[in-house]
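Numbering (our numbering), first residue to last: -13 to 699.
Glycine is no exception: its CB is placed at the ideal position from the N, C-alpha and C atoms.
Written below as structure tokens is the structure these notes are about.
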């Protein structure tokens, strides 16, 4: 089933190098400088000497098939005696003369003590087409000497210009259930899917009083211009304790059908009455309007909101790099938490839209060892997709989405931010051998340095190899980050790199020796070759073998690439001491040769010391040492393969194996021609080759030794 895609109106338009960077977001209210509005007062009525009734905050909101009008009357008793509320009441009339049935939510409040004030809430049911300006509020006193049993103390008509809606960017004091709090919309975005609009709001509630308050059961809605009501989903609001001057932020969201008009939406707050059978209207807020920010800078943060909180995101760079017969498109982004509370990392997805017509799904790479972003911290992500290397990209749109489970448990993708790109792609950074390629992902922090560049000779082709030393910079054992990449010449010729993997965990400060190699033509000039590497992106798929389920990993790309400058080609050392064999070191201590003339046999004997650096880990599969004896007579050559003591992965049981420690070894071979030249033999060249994969070897050490002499080295 095709997932639903949501399109957010938070769009950042970035034109790299030649273009313009712009973003459409819903405005964020100023964090510290905003106006706080009190409930709107419509007039004051004198009840008696030093006692007044202030009529304020008339609100009309939809409720089922009618509307509910609500208002607040503040009784201010500055007299020296209590006021009995049973003597007073509120009548509400329409301007056409219809009297409404008014009820009081404060049925338990019977008196107002001297020198105090009390808020009383009244409500009534009205028709769907009635507006606040159609109402007249009368404050009455019961008077049984009057024919109507009432005496009107004051009459207040709601003016035509009356507007109870709180403007965007401002806050409003909201009172309910004897709790007064300051409410404002901090920020908002409106998304869109194939079926719904998706408003995401961030509302702050502050206690500006001098006593601790417990937030009541506010009911929050989006009300459309046509007075359709959609309840917002918000968690942990009811019962939240706010100390004096404390403030709490509440993310909230709702799905609204696409058929609803988007203009004139408001946030409304209501309060349950009659044991939850009705709702009393408290306040209305205008949603922040959109604005456009323009600039040419790369790396500017833009904000998006989801149910968990507010995030900032920026686009750092966009790369186009080769992989196999395709190209990778890699967008490097940073997510930041600029708030005061830890935020979970959202579950992200993404797409590319190429040349305004071709959509490509992308792989999101993010550190799965990190589940949250601390306040003030950042996390890097990459959005990766493939295109044919012959495909010319003129325009590119990058869309970052969030995965959510919608109605009927279907997966929905909410667009968080989109970037448009025109012009050249970002050049990848160059890294010198001494500096190293840095991996800063928590749990995989490490440095990768090129310590050696070799060319291995083959029969019909050569092999170039960069030896990489990966240092674990974590404070615990850690597996190394798998790498991927390619060798590239200045003219753009690309040779995909095979990069060994090391499955052993590294201790803190431990090192892994990894070879990146590629088969190249024999005539290649290596002076301008560089190695481009990045973090491997792997896709796991299930398979089966021998009736067992297996998981196979496939390379789909790489992230955060860098171009590593390679050192000069390695030159073989001219002695046989301290020969570097990655995590091993080999030294010859004594060598000698013997010839059995009658048997036409030549014997080579040698003592050696092989040590292992346990702090270094390496994958030695297929790696061999080849010892070669080369006489001046080119036909007189002997060579012998030796494997290293690396267990099952390194020994093929067909070659001799060197052993750790001080050891003696000897090899014998038949050579009639050499034995017949016994009187003319002078020196031979003892060569040590390193074989990285079958058929390819490189000379790493060599020394001239006299024939038939026992030589200590």
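Residue burial annotation: residue 61 is buried, with at least 16 other C-beta atoms found within 10 angstroms of its C-beta. For residue 235, the enclosing beta strand (DSSP E) has its first and last residue at 233 to 239.
Taking C-alpha positions only, residue 214 is separated from residue 411 by approximately 47 angstroms.
Fewer than three beta-carbon pairs drawn from the region 127 to 134 and the region 148 to 165 are found closer than 8 angstroms, and the two stretches are therefore not classed as touching. Taking the Cα of residue 127 as reference, the smallest distance to any Cα among 73, 262, 306 and 77 is reached at 73. Residue burial is scored here from C-beta neighbours: residue 193 has at least 16 other C-beta atoms within 10 angstroms and is therefore classed as buried. Counting every other CB atom within 10 Å of its CB across the protein chains shown gives residue 343 a total below 16, marking it as exposed. By alpha-carbon distance to residue 248, the top candidate from 651, 587, 216 and 518 is 216. Membership of residue 562 in any alpha helix (DSSP H) is not indicated, and neither H nor E is assigned to it by DSSP. In the pairwise beta carbon analysis, the region 673 to 682 is classified as not touching the region 595 to 606: fewer than three pairs are separated by under 8 angstroms. Residue 608 sits in coil when the DSSP states are folded into three classes, being neither helix nor strand. For residue 661, the enclosing alpha helix (DSSP H) covers residues 658 to 662. Between residue 504 and residue 450, the C-beta spacing is below 8 angstroms.
Sequence-distant Cβ neighbours of residue 191 in its own chain, meaning closer than 6 angstroms and more than five residues away, are 167, 169 and 234. C-alpha of residue 204 to C-alpha of residue 239: approximately 15 angstroms in a straight line. Nearest to residue 553 by alpha-carbon distance, out of 435, 25, 646 and 182, is 435. Cβ neighbours of residue 197 within its own chain (closer than 7 angstroms, five residues either side excluded): 230. Between the beta-carbon of residue 488 and that of residue 466 there is about 6 angstroms, and that keeps the pair under the 8 angstroms contact cut.
Ranked by how close their Cα comes to the Cα of residue 428, the residues 368, 95 and 359 have 359 in first place. The three-state secondary structure of residue 72, taken from DSSP, is helix. Here residue 80 has 120 as same chain residues with Cβ atoms under 6 angstroms from its own Cβ, once five neighbours each way along the sequence are excluded. A contact between stretches requires three or more CB pairs, one per stretch, nearer than 8 angstroms, and the region 471 to 480 fails this requirement with the region 439 to 448. The residue from 377, 117 and 367 with its alpha-carbon nearest to that of residue 387 is 367.
Contact annotation: the region 103 to 119 touches the region 34 to 53, with at least three C-beta pairs closer than 8 angstroms.
Between residue 305 and residue 414, the C-beta spacing is below 8 angstroms. Taking the C-beta atoms as reference points, residue 382 is found no nearer than 8 angstroms to residue 423.
Looking at the DSSP output, residue 228 sits in a beta bridge with 199. In this structure, residue 254 places its C-beta atom within 8 angstroms of the C-beta atom of residue 207. Counting only runs that start and end inside the region 29 to 116, there is no alpha helix (DSSP H) element of at least 4 residues.
Residue 137: member of the beta strand (DSSP E) spanning 136 to 143, first to last residue. In its chain, beyond the 5 residues on either side, 590, 693 and 694 have a beta carbon closer than 6 angstroms to the beta carbon of residue 579. Assignment of beta-bridge partners to residue 331 by DSSP yields no partner. Cβ-Cβ distances below 6 angstroms link residue 165 to 199 and 202 in the same chain, with the five nearest sequence neighbours on each side left out; the list follows chain order. In the three-state reduction of the DSSP assignment, residue 249 falls in the coil class. Rounded to the nearest angstrom, the gap between the Cα atoms of residue 100 and residue 64 is 6 angstroms. Its chain contains 157 and 168 as the residues whose beta carbon lies nearer than 6 angstroms to that of residue 22, once the 5 sequence neighbours on both sides are disregarded; these appear in chain order.
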